[in-house]
Amino acid sequence: MTVITPTRPRLEISISPPAVAAGPTSVGAAAARERPALVFVHGAFAGAWCWQEYFVPYFNNKGYMTATFSLRGHGSSEGRERLDLASLSDYADDLGHVMGLVDRPVVLIGHSMGGMVVQKVIERDRPAAMVLMASVGPWGLLESSWHMMLASPGLVQGISFMQTVGKSFINPDVFYAGLFATDVPPERAERYYQGFQRESQRVILDMAFWDVPRQPPREPVPTLVMGAAEDAFIPRSMVRRTARYYDAEPVIVPGMAHAMMLEETWRHAADPILHWLHENGL
């Protein structure tokens, strides 16, 4: 579904209903209608495509409505020519718009930069819950940047090249090593690599220090904070600090790197989210 409004670029949005095997009047169908929708927010350099391979069908089959979208200037959304003018607050507006299209409470699931977008939104809206996956913490990017420079200097160089001259001069293997801990088949890894793109320079500065969340939400939001043990972007120390900030228990998934939803072992990330949703009556 594509939505056009006069105040924002046209966004690539996909809303998928839950897959309920029984008939429309069954107990299963009623339960699916009562569950919140899961709104997935992608990270930097990516788009809605990163959720659609595994997480969307998985959670649809578990009885959840899902919504994925590409932030302005990403994927098939408009605004790429103005990408460097896009701010973190603009991205939060995009997410708020998608939330308004869903006819039920929402659980926001943000990955990496998408987790920061979620944290900006909860300054003004209260979702049913939020899941922060390998997310930038509420203090911003500085801790993550130091971690990357020490753990994977080649990855830092590759990102810098992508921001300045594009992907032509980058060795894709550097990205694969930084994003995956498992052996993703070459054809899939190449497809993912082709989906990566530049990120807004303004948003990178916003996440560093200009526009990080200023205070925790006025009302506590049920929160799951998840990290990957082999993450070259987000250190485990940041995952634990973020969990303490939101009074949540951190979950560190072993044997996974930053692109948790695209790993061969993606269910090692999806299953704990499903378990947590059920534990919290969601």
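Sequential numbering from 1 applies to the sequence shown in full-length UniProt numbering. All C-beta atoms in this analysis are idealised placements derived from N, C-alpha and C, irrespective of residue type, glycine included.
Helix, strand or coil: which one does DSSP assign to residue i?
i      : result
ARG126 : coil
MET69  : The displayed chain sequence assigns Phe, not Met, to residue 69. In the structure shown, PHE69 sits in a strand (DSSP, three-state: E or B).
THR17  : Residue identity check: residue 17 is Pro in the sequence provided, not Thr. Of the three classes helix, strand and coil, the one that applies to PRO17 here is coil, per DSSP.
HIS147 : helix
GLU12  : strand
PHE180 : coil
ILE273 : helix
PRO250 : strand
MET133 : strand
PHE40  : strand
MET260 : helix
VAL27  : A caution first: VAL27 carries a pLDDT of 43, below 50, which makes its placement in the model too unreliable to give a value.
ARG35  : coil
SER112 : coil
THR265 : coil
SER152 : coil
VAL174 : helix
Measure the CB-CB distance between residue i and residue j and report whether it falls below 8 Å.
i      : j      : result
GLU249 : MET256 : no
GLU78  : PRO185 : no
ARG198 : MET148 : no
LEU71  : MET207 : no
MET113 : GLY43  : yes
Cα-Cα, which of the options is closest to residue i?
i           : options                           : result
ALA177      : GLY158, LYS167 and PRO138         : GLY158
THR68       : ARG244, ARG241 and TRP49          : TRP49
ILE252      : MET133, PHE161, MET207 and PHE175 : MET133
ARG126      : SER112, LEU108, GLY115 and GLY140 : LEU108
GLU190      : PHE209, GLU199, ILE170 and LEU205 : ILE170
ASP84       : TRP139, HIS275, ALA151 and SER200 : SER200
VAL174      : PRO153, GLN163 and VAL165         : PRO153
PRO254      : GLU279, THR182, LEU282 and ASP211 : THR182
LEU11       : TRP276, ALA19, PHE55 and GLY96    : GLY96
GLY63       : ARG188, HIS42 and PRO18           : PRO18
residue 285 : LEU205, ARG214 and VAL221         : In the structure as shown, the chain begins at 1 and stops at 282. Residue 285 is therefore absent and cannot be evaluated.
GLU143      : SER14, ALA46, ARG35 and VAL239    : VAL239
Complete runs of the beta strand (DSSP E) confined to the stretch 196-238 [at least 3 residues]: Restricted to the stretch 196-238, the beta strand (DSSP E) segments that are unbroken, complete and at least 3 residues in length are 223-228, listed in chain order.
Three or more C-beta pairs below 8 Å linking the stretch 117-125 and the stretch 258-278: Counting C-beta pairs closer than 8 Å gives fewer than three between the stretch 117-125 and the stretch 258-278, which falls short of the contact rule.
Contained alpha helix (DSSP H) runs [length at least 4] in the stretch 55-110, N- to C-terminal order: Secondary structure in the stretch 55-110: the alpha helix (DSSP H) runs of 4 residues or longer, each lying completely within the stretch, are 55-61 and 88-100 in chain order.
Segment contact, 8 Å Cβ cut-off, at least three pairs: the stretch 59-73 with the stretch 134-141: The stretch 59-73 and the stretch 134-141 do not touch, with fewer than 3 CB-CB distances between them shorter than 8 Å.
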